[in-house]
Structures are given as structure tokens and as C-alpha cells.
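Asks: Residue numbering for the sequence shown follows this note's numbering, beginning at 374 and increasing consecutively.
Every residue gets a Cβ at the ideal spot worked out from N, C-alpha and C, and that includes glycine.
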Amino acid sequence: MDRIARRGLISSVALAGVGVAARYLTTAPVERAAPFAASGGATLQPSNDDAAAPPSKGRGRFAKTPAEIPAKGWRDIIWRTYEQINDDRLLAVAAGVVFYGLLALFPAITALVSSYALVADPQTIRDHLSFLAGVLPAGTFSVVEDQIARVLAKGEVKLGAAFLFSFALALWSANGGMKAIIDALNVVYDEEEKRGFIKLNAVSLAFTLGGLLAVLAAIGLVVAAPILLSMVGLGTIGDLLLRFGRWPALAVMILAGLAVLYRFAPSRRSPQWKWISVGSVSATVIWLVGSAALSYYLANYGAYDATYGSLGAAIGLMIWMWMSTIVVLLGAELNSEIEHQTVKDSTAGPAAKPIGHRGAKMADTVGAPR
Numbered sequence: 374m375d376r377i378a379r380r381g382l383i384s385s386v387a388l389a390g391v392g393v394a395a396r397y398l399t400t401a402p403v404e405r406a407a408p409f410a411a412s413g414g415a416t417l418q419p420s421n422d423d424a425a426a427p428p429s430k431g432r433g434r435f436a437k438t439p440a441e442i443p444a445k446g447w448r449d450i451i452w453r454t455y456e457q458i459n460d461d462r463l464l465a466v467a468a469g470v471v472f473y474g475l476l477a478l479f480p481a482i483t484a485l486v487s488s489y490a491l492v493a494d495p496q497t498i499r500d501h502l503s504f505l506a507g508v509l510p511a512g513t514f515s516v517v518e519d520q521i522a523r524v525l526a527k528g529e530v531k532l533g534a535a536f537l538f539s540f541a542l543a544l545w546s547a548n549g550g551m552k553a554i555i556d557a558l559n560v561v562y563d564e565e566e567k568r569g570f571i572k573l574n575a576v577s578l579a580f581t582l583g584g585l586l587a588v589l590a591a592i593g594l595v596v597a598a599p600i601l602l603s604m605v606g607l608g609t610i611g612d613l614l615l616r617f618g619r620w621p622a623l624a625v626m627i628l629a630g631l632a633v634l635y636r637f638a639p640s641r642r643s644p645q646w647k648w649i650s651v652g653s654v655s656a657t658v659i660w661l662v663g664s665a666a667l668s669y670y671l672a673n674y675g676a677y678d679a680t681y682g683s684l685g686a687a688i689g690l691m692i693w694m695w696m697s698t699i700v701v702l703l704g705a706e707l708n709s710e711i712e713h714q715t716v717k718d719s720t721a722g723p724a725a726k727p728i729g730h731r732g733a734k735m736a737d738t739v740g741a742p743r
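Right, dumping it as C-alpha cells:
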């Protein structure tokens with residue numbers, strides 16, 4: 374009897390425990406792990422863009438274009454861009470790109486002169502490339518001229534197996550500099566290189582060839598513009614257009630080149646054109662102003678010849694290349710943080726993808742407010 378009583382008591386206690394547990398489970402809140410977290414700690418839900426926005430009003434979290442981002446949002450973008458300069462070691466990365474760029478510079482000049490010689494007298498290329506002297510720092514154009522002279526000293530360039538082999542070798546060497554830029558852009562966009570050997574080299578070779586064609590087009594413009602203007606008979610107006618019109622034309626070419634570079638070079642799903650426009654324009658303006666300022670400084674205050682002797686021109690060229698690379702990467706940093714400001718899909722494609730499924734780190738996360 375005592376045994377039966379004890380069993381009944383245990384059963385009663387067990388039932389009471391089950392009742393308490395059931396009552397707790399029906400009233401206690403259920404915690405669910407967020408499937409995706411934004412940089413800076415904001416929680417994101419990949420199935421719903423509206424639910425993904427961090428609790429910060431008036432910052433352009435739902436902006437569909439950069440123009441819709443308000444002042445508070447731009448303050449966030451600028452501060453994060455400044456912080457990323459240190460986090461991504463932008464100055465050191467740019468210096469590494471300059472190293473590979475210098476290794477690629479002389480093969481690129483060789484490929485350029487060889488290409489030019491197929492359609493025109495190679496002896497005139499130095500005169501036609503003289504417009505670069507207005508862009509490069511004072512005295513550094515002599516480095517380019519010396520390499521052109523070495524190539525021309527080899528004699529007449531003829532299309533054949535030997536030419537094709539030497540041109541392909543020069544192009545492949547120049548391609549190393551472009552791959553260094555692509556690698557630096559992956560650092561800026563927080564991406565790892567996911568393309569295979571063949572695809573990566575195809576992309577970098579396409580950019581290298583595009584750069585050579587752009588320079589050839591610029592030379593053609595320098596040669597053809599005076600002839601066309603003289604045929605039209607504009608006189609003084611034509612001279613003014615030649616003198617001042619080359620800078621807007623150069624700016625447009627640089628802007629287009631940077632936009633294509635920012636869109637297709639990083640190993641990620643391509644951003645829409647509108648999301649890379651601000652960085653492209655900013656980098657173009659800063660580069661033109663910076664090149665002019667550096668040229669003025671080196672011409673009036675920089676005594677590199679006295680310090681480095683015969684290497685003075687090469688040192689000036691290295692500084693200009695370093696400045697140019699920093700500006701290009703800075704434009705990419707700005708573009709990446711602009712994408713980082715909104716939860717809306719900034720990547721290219723027929724349909725918008727939910728956050729977390731866009732194939733781009735900066736489009737799949739939202740930057741923290743500053």
C-alpha cells in the first residue's frame with residue numbers, strides 16, 4: 374500500500390512538472406538566430422529587404438540610386454571610406470600595384486609602339502605621344518621617350534611570326550600590372566578571387582588590350598583633330614578647341630575607363646552603372662587635379678635630380694603612378710561604401726535579388742551608421 378502511495382505521489386509531481394513546462398513554453402519568447410548579419414552588427418533577413426535595414430532613419434537605407442541618399446547617409450559613407458583606407462592598407466596596396474606596374478610599363482610601351490608601327494610611321498609616335506607630357510610630372514616623360522627610342526632602334530617593324538611572338542610576350546608581361554590592379558580592387562570590395570586561371574587572365578588581358586587601344590585612339594585624336602578643324606576652317610576658335618578641348622576629352626576617356634574597371638574587374642557580381650558613377654567621377658576629378666598639382670610641385674620644388682641623380686625622372690614617375698593608383702582605389706572604396714549604405718539590390722541583373730544572395734559582399738551587407 375505504501376508502495377502504491379509513493380507511486381501515486383511521484384506521478385502527481387511529474388504531471389505537475391509537465392504542466393509548468395508546458396505553461397512556460399507557451400508564454401516564453403522564442404529566440405531565433407538571425408541568418409545574416411550586417412557589418413557593424415545590424416541584423417539582416419535575406420528574404421525581406423525592408424526587414425534588413427538597421428534601426429537608423431534618414432540615412433538612405435532604402436535608396437534605389439545614390440541620389441536618394443540624404444546628408445546623414447553621405448556622412449556615414451565618407452566616414453566608413455576614411456576608415457577603410459586604413460583597414461584595407463590602401464597606401465601599401467597601391468605601392469604593390471606600382472611595383473608590378475613598373476615591371477609592366479616597358480613591355481606595354483613596346484606593345485604600343487609595335488601596334489602603332491603597323492598603321493603609321495613609328496618615327497612619329499614620340500611627337501604624337503607628346504600630349505602625355507602635359508599629364509605626367511615634369512621630366513618623367515623622358516622615361517617613356519627613352520623606351521620608345523630603344524624600340525625604334527631595333528629597326529622596321531613588320532607583321533610576321535617574330536612580331537606576333539614579341540608582341541604577345543610584351544602583352545603578357547604588361548598583363549601582370551593589370552592583374553595587380555584587379556587584386557587590389559578585390560581587397561577594396563572585400564572579395565576573394567573566385568575566377569579560374571583562364572577566366573582571370575582573359576579578363577585582365579581584355580583590360581590590357583583595352584588600355585592599349587584607348588592610347589592608340591587618343592593618338593589618333595591628337596593627329597586627326599587638327600586636320601579636321603583646319604578643313605572646317607574655324608581659325609582661332611579651332612586653335613582654342615585644340616588647346617583646351619583635349620582636357621575634357623581626356624577626362625571623358627578616363628571616366629569611361631574607370632567605370633568599366635569598377636564594374637567588371639572585381640571578382641563579384643557586377644554593380645549597376647549608377648552605383649559606380651559617383652566614385653568614377655570623383656576619381657577622375659581628383660586624378661586630374663592631383664596630376665596637375667604634382668607636376669607643378671615637381672617642376673618648382675621637387676629636386677629629385679639633385680637627390681637621386683639619373684634616377685630622378687624614374688622616381689618622379691613612380692610617385693605619379695602611386696598617386697594615380699591611390700586615386701583609383703579611393704574611387705572604388707567610395708563606390709563600395711555607397712553600395713554598403715542601402716539594402717536595395719545594387720547589382721546588375723534582370724531581377725532584384727534578396728540581400729544575402731547577390732554574390733557581392735558590399736551588396737549583401739549594410740554598413741553601420743557613423
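Pick from G433, Y674 and A465: whose alpha carbon is nearest that of I450?
Replies: G433
Asks: Name the two residues that bound the continuous alpha helix (DSSP H) containing R448.
Replies: Segment A444 to D460, the alpha helix (DSSP H) holding R448.
Asks: Could you give the DSSP three-state label for P621: helix, strand or coil?
Replies: helix
Asks: Once DSSP output is grouped into helix, strand and coil, what is the label at T715?
Replies: coil
Asks: What alpha helix (DSSP H) runs, 4 residues minimum, are completely inside the region 473 to 510?
Replies: DSSP runs (the alpha helix (DSSP H)) wholly in the region 473 to 510: 498 to 501.
Asks: Along the chain, where does the alpha helix (DSSP H) containing W660 start, and where does it finish?
Replies: S650 to N673
Asks: According to DSSP, simplified to helix, strand and coil, what is P644?
Replies: strand
Asks: On the three-pair Cβ rule with 8 Å, is the region 553 to 569 touching the region 629 to 643?
Replies: yes
Asks: Which class does T581 belong to by DSSP, given the choice of helix, strand or coil?
Replies: helix
Asks: State the start and end residues of the unbroken alpha helix (DSSP H) segment that holds I728.
Replies: Counting along the chain, I728 falls outside any alpha helix (DSSP H), and DSSP gives it neither H nor E.
Asks: Among residues of its own chain, excluding the 5 on either side of G469, which ones have a beta-carbon nearer than 7 Å to its beta-carbon?
Replies: Within its own chain, the residues whose Cβ lies closer than 7 Å to the Cβ of G469, once the five positions on either side in sequence are excluded, are A553, listed in chain order.
Asks: Could you tell me the alpha carbon to alpha carbon distance between Y681 and S503, rounded to whole angstroms?
Replies: 25 Å
Asks: Using only alpha-carbon positions, find the residue among I482, W545 and W447 that is nearest to V651.
Replies: Across the set I482, W545 and W447, the C-alpha of W447 shows the shortest separation from the C-alpha of V651.
Asks: For the structure I just gave you, are there three or more beta carbon pairs, one from the region 694 to 707 and one from the region 724 to 732, closer than 8 Å?
Replies: no
Asks: Would you call N673 buried or exposed, if buried means 16 or more other Cβ atoms sit within 10 Å of its Cβ?
Replies: By the neighbour-count criterion, in which a residue is buried when 16 or more other Cβ atoms sit within 10 angstroms of its Cβ, N673 is exposed.
Asks: Is the CB-CB distance between T438 and L707 below 9 Å?
Replies: Cβ atoms of T438 and L707: not closer than 9 Å.
Asks: Run through DSSP, which three-state label would T698 get?
Replies: Helix, per DSSP.
Asks: Nearest-angstrom Cα distance between A526 and I498?
Replies: 13 Å
Asks: Rounding to the nearest angstrom, what Cα-Cα distance links Y670 and L578 in this structure?
Replies: Between Y670 and L578, the C-alpha separation is close to 35 Å.
Asks: Would you say A477 and W695 are within 9 Å of each other, going by their C-beta atoms?
Replies: no
Asks: Who are the Cβ neighbours of F479 in its own chain at under 7 Å, not counting the five residues just before and after it?
Replies: Q520
Asks: Taking the straight line between their C-alpha atoms, what separation do you get for L463 and G618?
Replies: 33 Å
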